[in-house]
């Protein structure tokens, strides 16, 4: 009896201790994350400019969103970003990682330099590349002119058809090093015996790549792919700094459109409905991510 | 028996050539920033590619002014206090999630972890309006708390996993010696988890140091702006003076670069681990 009583007292003490441990973090998290998401969903049903009371309009914002050509353009650009992230960044990152692995002399030095782009903040990267792309004084133009004398100046970021590719180049520059490190860690986990056995059996490098490296790398590649998918859906900083979504919406993304609607045109209700759509899309993709990583662990 | 075939040699050369090309692409901007930060505009127009012929310090004079150093201080205050709050709140939460056995904790854990899936941009508008209502608009604390909140889920995830893997024997031994649960946490669990703390610390610090969107919305006063905003403002009114802008970018990136060259493995590990988990 007494032992039980002591135990339950002990347990009660532990219970309160756990509560005390949790509360500070949970308050911050609950206020800024959970409450804010709910508020975004609530705002998305309002016709509201951020100052006045706001008028309840139900799902009208979403109906408007469906017909908004700027929104569909933004979603399309997000998808382009996603596809290039996966189809360009990952293969390049894999090649660089493999090259780095087969280099014997100076591999540490190469790795140090290869990772550099990740260390600049997005603002720094954006402004730097904006200067590089400048038609008059930018070094990219000067570089091209060395090979093609008399070439006309190209305003990469002001041309509707060249702005998006230019941004994609910068994004690749910025993020390939990151995936390189991820994939390099994956490569290190492939047992060396596999390669030895294959070489004894007379396989060349090409065979080794297709039959050992690639199949062994599938899990890591999958994780990286989903990571870049989720990342490219909420992309904002670089585009906002370099083009602000322009020229004529050629580089508009969901996040930049939301920002414009909310903080430039002050249609907070409409902007909230864009945010809600982003939330749902990201959530779905993130669930896929969880599903994929779970599947890998089992 | 072993001979290196011509094919192998060629392959080796190709790999090195490839590595050098990649090195130029990834490393060139840093060289470019460094070389051009010592040039005046007239020399920049004539000689973009190489080291300066005449060393010119005007750019550094323009950048290293109290107004620009202020941005550093602000970024540092915001990021450092953010990391501190995360260390305290996050480790306490992880401690509860990993070493206490109550049903409601499991549910809460999942709610917190689910935060990793919320894209932070979707909370921008409510946080902006709330900060106006509660009066934290334009204050550093108004920026720190949202940052803490966004980085908390990843931090809790990493730390909880780490705490769970710590051997049970330590806890039992501590209990037998009469240590309270809190004492065990402070004296044994936290010191043993230095590597988890360093991963969390580096990842969240860099996240906050580089954050742009929330700083853009929540901070308006010049004296409270963080480095991201500061570099952008500097670019705004120095547009024609390209070398000064390049210097500002270099100086702004310097703390992270120096830290990287000192503790490379830690930084790479912190950045990648944090992102995989997050």
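Protein chains in written order, with this note's numbering: chain A, 1 to 298; chain B, 1 to 278.
Every residue gets a Cβ at the ideal spot worked out from N, C-alpha and C, and that includes glycine.
Note that the structure is predicted; figures quoted are calculated from it, not measured.
For the alpha helix (DSSP H) containing residue i, name the first residue and the last one.
i              : result
residue 77(A)  : 69-84
residue 37(A)  : 35-43
residue 141(B) : 140-165
residue 232(B) : 227-237
residue 26(B)  : 6-36
residue 247(B) : 242-262
residue 208(A) : 205-208
residue 132(B) : 124-134
residue 169(A) : 163-188
residue 209(B) : 194-210
residue 21(A)  : 2-29
residue 101(A) : 90-102
residue 126(A) : 122-133
Hey, does residue i have any beta-carbon neighbour from chain A nearer than 7 angstroms?
i              : result
residue 121(B) : yes
residue 155(B) : no
residue 235(B) : yes
residue 113(B) : no
residue 13(B)  : no
residue 242(B) : yes
residue 232(B) : yes
residue 126(B) : yes
residue 1(B)   : Because the pLDDT at residue 1(B) is just 44, under 50, the model does not fix this residue reliably, and the value given afterwards should be weighed accordingly. Not an interface residue.
residue 69(B)  : no
residue 249(B) : yes
residue 253(B) : yes
residue 110(B) : no
residue 195(B) : no
Can we count residue i as close to the ligand MG, meaning its CB is less than 6 angstroms from some heavy atom?
i             : result
residue 34(B) : Among the ligands in the structure shown, none appear at all, so the ligand MG cannot be discussed.
Can you find a C-beta in chain B that's less than 7 angstroms from the C-beta of residue i?
i              : result
residue 147(A) : no
residue 268(A) : yes
residue 271(A) : yes
residue 255(A) : yes
residue 85(A)  : no
residue 209(A) : no
residue 141(A) : no
residue 102(A) : yes
residue 189(A) : no
Excluding the five sequence neighbours on either side, which residues of its own chain have a C-beta within less than 6 angstroms of the C-beta of residue i, listed in chain order?
i              : result
residue 158(A) : 247
residue 44(A)  : 61, 272, 273 and 276
residue 118(B) : none
residue 142(B) : 131, 136 and 218
residue 156(B) : 90, 93, 94 and 112
residue 71(A)  : 65
residue 74(A)  : 252, 253, 254 and 257
residue 20(B)  : none
Closest to residue i by CA distance: which of the options is it?
i              : options                           : result
residue 131(A) : 21(B), 272(B), 36(B) and 259(B)   : 36(B)
residue 266(A) : 36(A), 51(A) and 18(A)            : 51(A)
residue 77(B)  : 205(B), 156(B), 13(B) and 157(B)  : 205(B)
residue 104(A) : 207(B), 16(B) and 23(B)           : 16(B)
residue 273(B) : 186(A), 138(A), 47(A) and 33(A)   : 186(A)
residue 26(A)  : 109(B), 263(B), 81(B) and 125(B)  : 109(B)
residue 172(B) : 158(B), 251(B), 188(B) and 160(B) : 188(B)
residue 136(A) : 151(A), 147(A) and 122(A)         : 151(A)
residue 57(B)  : 230(B), 121(B), 176(B) and 41(B)  : 41(B)
residue 127(A) : 255(B), 262(B) and 248(B)         : 248(B)
residue 79(A)  : 285(A), 290(A) and 289(A)         : 285(A)
residue 265(B) : 211(B), 243(B) and 198(B)         : 198(B)
residue 156(A) : 149(A), 129(A) and 178(A)         : 129(A)
residue 191(A) : 216(A), 206(A) and 180(A)         : 216(A)
residue 188(A) : 213(A), 269(A), 164(A) and 268(A) : 213(A)
residue 180(B) : 6(A), 10(A), 4(A) and 3(A)        : 10(A)
residue 105(B) : 205(A), 18(A), 195(A) and 264(A)  : 18(A)
Keeping to the same chain, check which residues put their C-beta closer than 7 angstroms to that of residue i; ignore five residues upstream and five downstream.
i              : result
residue 260(A) : 245
residue 70(B)  : 223
residue 1(B)   : With a pLDDT of 44 at residue 1(B), under the threshold of 50, the modelled position of that residue is not reliable, and the figure given next carries that caveat. Excluding positions up to five away in sequence, the list is empty.
residue 30(A)  : none
Between residue i and residue j, how many whole angstroms is the CB-CB distance? I'm expecting something under 8 angstroms.
i              : j              : result
residue 304(A) : residue 184(A) : In the structure as shown, chain A starts at 1 and stops at 298, and residue 304(A) therefore has no counterpart that could be examined.
residue 300(A) : residue 225(A) : Because chain A is modelled from 1 through 298, residue 300(A) falls outside the range shown and cannot be assessed.
residue 233(A) : residue 82(A)  : 7 angstroms
residue 213(B) : residue 82(B)  : Their Cβ separation, rounded to whole angstroms, is 16 angstroms, which puts residue 213(B) and residue 82(B) out of contact at 8 angstroms.
residue 163(B) : residue 193(B) : 7 angstroms
Please list, in chain order, all residues of the same chain as residue i whose beta carbon is under 8 angstroms from its beta carbon, the five residues on each side excluded.
i              : result
residue 282(B) : The question about residue 282(B) has no answer, for chain B in this structure spans 1 to 278.
residue 50(B)  : 35
residue 258(A) : 271, 274, 275 and 278
residue 292(A) : 222, 223 and 226
residue 161(A) : 250
Would you say residue i lies against chain D (beta-carbon separation less than 7 angstroms)?
i             : result
residue 74(B) : The structure shown has no chain D; the protein chains it does contain are A and B.
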